[in-house]
Amino acid sequence: METKHANGDNLLTCKGVTKSYNGPIVLDNVDFSVRRGEVHALVGENGAGKSTLIKVVTGATGRNSGTITFDGEQMPLEFSRKDAQARGIACIFQELSLIPGMTVAQNIFLAKEPTIGRTRIIDKKKMNHQAQALIDKYKFPLKAEAAIDSISIAQRQLVEILKALSDNAKLMIMDEPTSSLTKTEVEMLFEIIHTLRGEGISVLYISHRMEEVYALSDRVTVLRDGKLVSILNKDMISPAEIIRLMIGHSISEKAVHHRLESKRSPVVLEVENITTVGKFENISFSLHKGEILGLGGLVGSGRTEVVRALYGIDPIDSGSVKFLGTPYVPSVKASIAAGIGFIPEERRLQGILATQTITSNIGIANLDVLAPKGVVSIRKELERAQKGISLLNVKPPDPSHLVGNLSGGNQQKVVLAKWLVRDLKLVFIDEPTVGIDIGAKEEIYEHIRKLSAEGVSILLVSSDLPELTRLADRVLVLRKGRIFHEFKDCVLTGEKILRAASGIIEEAADEA
Ligand SMILES: Nc1ncnc2c1ncn2[C@@H]1O[C@H](COP(=O)(O)OP(=O)(O)OP(=O)(O)O)[C@@H](O)[C@H]1O
Ligand SMILES: [Mg+2]
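With my numbering, the residue at position 366 of the sequence shown is 370, and numbering never jumps.
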């Protein structure tokens, strides 16, 4: 089966592609191909060059040299995104390109709307009808006439996919499509990918989640430092092997279960019966000095809402909070002053100033310390930036680099860094490692452990089960806005958390 298409059936062939953004080489003589009707995964560490390769192929950025052949035709050295689209190359970028204020149908048929007769008047009825037919064909949970603003991120991705399909895409590229999807949405996307493959459409897929790569791909290409390392066929794909190729050495398989041990240190945060109608109800817990308290649960269970309220972004309707033994009314200002930090989940949206340097991005979050009298100490600002860069191993380690020019994962690290260089007493961290490669993940874990050893209390929201089991001293599982179960002083596995999150009490939880 493998030899049938040996080489002749490539839809996309890149040979010797080299790229530099006016600086170091980020793609070095890369050979890469995607066959017709295959699902191909592109993997590598943060900054390996994955998104850049995609940008070169889709015409979003140029290449310095090398050839690209698509569907039998050579692509010129310079071509636009439109050129690529016209040939059948579609890409669902992380930042979706839909137009708010318009409907699903309007977005799908943008710039190719059906018109009435020979006029230029848009035939709205026909457009809605065609859009709905397309939606129904793929059984997507969408309505043609729904406003883009009223649908979820996952649904917006579906609209992007439909838009591409209506353009007769032959290659569908997805750059980390699942990073903001719920488990059911991910499953739906996988089904869609299978359907596309069934129709002969090739899918090129970037992900840091090895299980996904393993489950989906026919072949995997591994990049490291801008170079092609390996191309694996289906029978050679194993998560351990991919990781070894990605980072150049294997990482020891750390235990996936972990014995929880409660801290006996003083209580830092005491939460009593807090409720915000429609979001969460009767949440009570205490957090000890230096403790890492995990908050598990399904997406939508209320975890993010609880930490946002405790940090003071959203109001709390009733209940009370004590911080270091005294009553505390959360507000962002009070939190900052008290040494409480919050690292939000949507870091790419909420966390960065793309046109600013790493130094100013880290500096802005630390103005109170850097400029207590209103004037920023340049030297201190740079010191902090350097500390952040080395703590989280940001690449390139250059404080004057613009954050918008970093790879996606390195942008995430900068946002983490700007909080983690502060002297905090308590920090709320929401999904610390989404979009972060596996090697850097270990470094972030080390850093979180170090903070806790230094006495910082941490409330950690995570959907990554091994992350919770490996880091937490205790885990609360939220379900439908309530605390459903507490795991403490027991052996914890990801499966136990998942069962609790799904509403099944783990009776055996307390046996050692
Ligand atoms: N616009 C740009 N200007 C300058 N350098 C850039 C630009 N975009 C990316 N780079 C650099 O190119 C390299 C490759 O980045 P790229 O975004 O392709 O990585 P990636 O593999 O997608 O990583 P991630 O997993 O973090 O998304 C990085 O060193 C990055 O700093
Ligand atoms: Mg990327």
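Note that CB positions come from ideal geometry on N, CA and C, so glycine has one too.
Query: Spatial neighbours of residue 283 in its chain, beta-carbon cut-off 7 Å, leaving aside the 5 residues before and after; Result: 306, 309 and 485
Query: Bridge partner(s) assigned by DSSP for residue 332; Result: BP columns for residue 332 are empty, so no partner.
Query: Alpha-carbon spacing of residue 517 relative to residue 384, whole angstroms; Result: Within the shown structure, residues of the chain are numbered from 5 to 516, placing residue 517 beyond reach of any answer.
Query: Where the alpha helix (DSSP H) containing residue 272 begins and where it ends; Result: From DSSP, residue 272 is part of no alpha helix (DSSP H) but of the beta strand (DSSP E) over 271 to 280.
Query: Residue range of the unbroken alpha helix (DSSP H) whose run includes residue 308; Result: 307 to 315
Query: Residue 153 beta carbon less than 7 Å from that of residue 118; Result: no
Query: Element boundaries [beta strand (DSSP E), containing residue 94]; Result: 93 to 96
Query: Residue 399 CB to nearest heavy atom of ligand 2 below 6 Å; Result: no
Query: Expected contact under 8 Å - CB spacing of residue 392 and residue 425 to nearest Å; Result: 5 Å
Query: Check: residue 412 C-beta below 6 Å from any heavy atom of ligand 2; Result: yes
Query: Reduced DSSP category for residue 449 - H, G, I as helix; E, B as strand; rest coil; Result: helix
Query: 7 Å Cβ shell around residue 301 - same chain, five flanking residues per side excluded; Result: 307, 481, 482, 483 and 505
Query: Heavy atom of ligand 1 within 6 Å of residue 50 beta-carbon; Result: yes
Query: Contact check, residue 264 vs residue 31, beta carbons under 7 Å; Result: no
Query: Environment of residue 276 [buried if 16+ CB atoms lie within 10 Å]; Result: exposed
Query: Closer than 6 Å: residue 55 CB and nearest ligand 2 heavy atom; Result: yes
Query: Residue 365 beta carbon near ligand 1 (any heavy atom closer than 6 Å); Result: no
Query: Status (buried if at least 16 other CB within 10 Å, exposed otherwise) for residue 259; Result: With a pLDDT of 49 at residue 259, under the threshold of 50, the predicted position of this residue should be treated as unreliable, and no value is reported.
Query: Counterpart residues of residue 78 in DSSP-defined beta bridges; Result: 73
Query: Close Cβ partners of residue 215 (< 8 Å) along its chain, the five nearest in sequence each way excluded; Result: 243
Query: Integer-rounded CB distance, given that residue 247 should sit under 8 Å from residue 448; Result: Rounded, the Cβ-Cβ distance is 16 Å, inconsistent with contact.
Query: Short Cβ contact (7 Å threshold) for residue 70 with residue 227; Result: no
Query: Close Cβ partners of residue 101 (< 8 Å) along its chain, the five nearest in sequence each way excluded; Result: 164
Query: Three-state secondary structure assigned by DSSP to residue 201; Result: helix
Query: Pair within 7 Å by beta-carbon distance, residue 266 and residue 493; Result: yes
Query: Candidates 79, 231 and 42: closest to residue 204 by CA position; Result: 42
Query: Option in 313, 372, 192 and 250 with minimal Cα separation from residue 423; Result: 372
Query: Backbone CA spacing between residue 434 and residue 298 [nearest angstrom]; Result: 10 Å
Query: Sufficient close CB pairs (3 or more, under 8 Å) joining the stretch 224 to 241 to the stretch 470 to 479; Result: no
Query: Buried versus exposed, by CB contacts within 10 Å (16 or more), residue 489; Result: buried
Query: Run of the beta strand (DSSP E) containing residue 229, from where it starts to where it stops; Result: Note, residue 229: premise wrong, no beta strand (DSSP E); not H, not E.
Query: Residue 268 classed as buried or exposed, judged by whether at least 16 other C-beta atoms fall within 10 angstroms; Result: exposed
Query: As assigned by DSSP and simplified to three states, the class of residue 380; Result: coil
Query: Chain-order list of residues whose beta-carbon lies under 6 Å from that of residue 271 (same chain, five-residue window excluded); Result: 290 and 292
Query: Heavy atom of ligand 1 within 6 Å of residue 419 beta-carbon; Result: no
Query: Nearest-angstrom Cβ-Cβ length linking residue 15 and residue 39, presumed shorter than 8 Å; Result: 6 Å
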